[in-house]
Amino acid sequence: MSIKTPLKTEHEKLGATFSEYFQCELPAHYGDAQREYKFARESVALIDKNYRAVLSFTGNDRARYLNAMLTGSIRDLAPGQGNISLLLNPQGRILAEVETLALEDRLLVISYAMIRAKLVETFDRFIIMDDVAMEDVTDKFGTLTLEGPKAAEIVRELCGMDLNALEDFAHAEKTIDGISCRLIRTSTGEIPGAEFLVARENLATLWNLLLEAAQKRGGGPVGYEALNILRLEEGVAWYGVDFDENQIPHQAALEATHISYTKGCYTGQEIVERVRSRGQIQRRRVMLRFAGDAIPRAGEPLFAPSAENSAERGAEIGFVTRAARSPKFGAVIGMGYVRREQMDAESKVKWSGGDAEVFELPKTHAKSESCS
188 MSIKTPLKTE HEKLGATFSE YFQCELPAHY GDAQREYKFA RESVALIDKN YRAVLSFTGN
248 DRARYLNAML TGSIRDLAPG QGNISLLLNP QGRILAEVET LALEDRLLVI SYAMIRAKLV
308 ETFDRFIIMD DVAMEDVTDK FGTLTLEGPK AAEIVRELCG MDLNALEDFA HAEKTIDGIS
368 CRLIRTSTGE IPGAEFLVAR ENLATLWNLL LEAAQKRGGG PVGYEALNIL RLEEGVAWYG
428 VDFDENQIPH QAALEATHIS YTKGCYTGQE IVERVRSRGQ IQRRRVMLRF AGDAIPRAGE
488 PLFAPSAENS AERGAEIGFV TRAARSPKFG AVIGMGYVRR EQMDAESKVK WSGGDAEVFE
548 LPKTHAKSES CS
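Right, here's the structure in full:
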């Protein structure tokens, strides 16, 4: 059963069509996904991100405990800082993608509501002799995001925070028209955005304040059809879609963004280090550009060109995770997993609808969705 966004009534007022994303019922579009895409590229996009779980950790051992659980360096976070990391099982497989925010008196761990019960059970199981208290505060909060060239302008006007002067995941408590919220600097591409973590009872009011500010600048609400295109163009993988418990970090191509190699021990570290030292994996997530107009479905098999005839399909080598038509690249692009022999840029692959090739995004891309 899908989790419903607490903003459903507000979206219905705007004519939203809903679909399921991250096992939550969220706006697919508000009547024109291409127009919404332009909001994000040219002005500002307002996005409902209420598919998240929020856990609070207090106690003197909170940083040491989470540092031993997650792949990111938690003990080095000062209040006002944050990072993105992974929760692995002992076999190195990805149980969750998590964002950690350090406050003066607690650490907030933010992930996905669809794995909320698993998160609580996993974290609780390993709190044994530690001075740590965990509280599931998911139902107390809601999350909104502003993205696009004019997002920083809105944030500066509403609360005086300069997004351009901050690092990713930097955060602070701010007040917007009497509403207290935690404002977090995010960036999935080259332009910084702002995430608002706000008390659930103030969520609709803040949504409408931000909506008015966005519309004044030629922007507006953006649904997940447009967001899917944007994230593919930015090289951002989605948990539960592009990676999950079937992958280890290197297979999911997250080793450069989600792992600290200097922090010390954590669950699953032995597997991560073994893969890093040997430098070999059998399959890896890559970006794909498809010839023609057909859009492959999720799970579509990928094939190597035939050794005898390159125009024909050879052995099955992987699969597509998602794809969409990209205005930026003027082609259908997507993500998928391929064998080691086809991992390099310009490697040719095939699918039932025709030809495709592996390609690389600029190094400024391929950031994380950060559970936001």
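When we follow this note's numbering, the leftmost residue of the sequence shown carries the number 188, and every step to the right adds one.
Glycine included, each C-beta is placed from N, C-alpha and C at the ideal position.
Keep in mind that this is a model prediction, so the values were computed, not measured.
Put simply, the region 456 to 467 does not touch the region 313 to 325. Fewer than three CB pairs are less than 8 Å apart.
The beta carbon of Ile446 is closer than 8 Å to those of Thr258, Gly259, Ser272, Leu273, Pro436 and Val459 in its chain, skipping five residues each way along the sequence.
In the three-state reduction of the DSSP assignment, Asp326 falls in the helix class.
Listed as beta-bridge partners of Val545 by DSSP are Leu475. Burial state of Tyr224 is buried, judged by a 10 Å Cβ sphere holding 16 or more other Cβ atoms. Put simply, the backbone Cα of Met474 is about 28 Å away from that of Ala240. For the 8 Å CB-CB criterion, Ile234 and Glu334 form a contact. Distance from the CA atom of Glu442 to the CA atom of Arg472, rounded to whole angstroms, is 12 Å. Selection Phe226, Asp323 and Gln456 evaluated against Leu275 yields Gln456 as nearest (Cα-Cα).
Contact annotation: the region 482 to 490 does not touch the region 289 to 302, with fewer than three C-beta pairs closer than 8 Å. The region 198 to 205 makes no contact with the region 365 to 378, as fewer than three CB pairs between them are under 8 Å. According to DSSP, Phe383 shares a beta bridge with Leu331 and Leu370. Under the three-state reduction of DSSP, Val459 is assigned to helix. In this chain, Trp425 is not harboured by any beta strand (DSSP E), its DSSP state being neither H nor E.
Rounded to the nearest angstrom, the gap between the Cα atoms of Pro549 and Thr444 is 15 Å. Within the DSSP secondary-structure output, Tyr524 pairs in a beta bridge with Arg472 and Phe506. Within the region 243 to 317, the runs of alpha helix (DSSP H) at least 4 residues long that lie entirely inside it are, in chain order, 249 to 256 and 303 to 312. A check of alpha carbon separations from Leu331 across Arg509, Pro514, Ala401 and Gln210 identifies Ala401 as the nearest. One Cα belongs to Ala439, the other to Gly406, and the distance between them is close to 33 Å. In the DSSP assignment, Lys535 falls within the beta strand (DSSP E) that extends over Lys535 to Trp538. Distances from the alpha-carbon of Ala304 to those of Ala424, Glu533 and Leu242 put Leu242 closest.
Between Lys450 and Arg372, the alpha-carbon positions lie close to 24 Å from each other. When C-alpha distances from Leu194 are compared across Gln529, Asn389 and Glu503, the shortest belongs to Asn389. Taking the C-beta atoms as reference points, Ala255 is found nearer than 8 Å to Cys452.
Here Ser230 is buried: its Cβ has 16 or more other Cβ atoms, across all protein chains shown, within 10 Å. Excluding residues up to 5 positions away in sequence, Asp349 lie with their Cβ nearer than 7 Å to the Cβ of Arg343 in the same chain. Taking every protein chain shown into account, the CB of Tyr448 has fewer than 16 other CB atoms within 10 angstroms, so this residue is exposed. Scanning Gln210, Phe516 and Tyr299 for the CA closest to the CA of Glu420 turns up Phe516. Ranked by Cα distance from Thr392, the options Arg512, Cys368, Val409 and Ala413 are led by Cys368. In the DSSP assignment, Thr392 falls within the unbroken alpha helix (DSSP H) covering Leu390 to Lys403. Taking the Cα positions, Asp542 is about 47 Å away from Asp323. Contact annotation: Arg280 and Gln469 have beta-carbon atoms that are not nearer than 8 Å. Boundaries cannot be given for Ala498, as no alpha helix (DSSP H) includes it and DSSP labels it neither H nor E. Secondary structure of Val519 (DSSP, three-state): strand. By the criterion of a C-beta distance shorter than 7 Å, Ala485 is surrounded in its chain by Val507, Thr508 and Arg509, once the five residues flanking it on both sides are discounted. Remark: C-beta atoms of Leu253 and Thr287 approach each other more closely than 8 Å.
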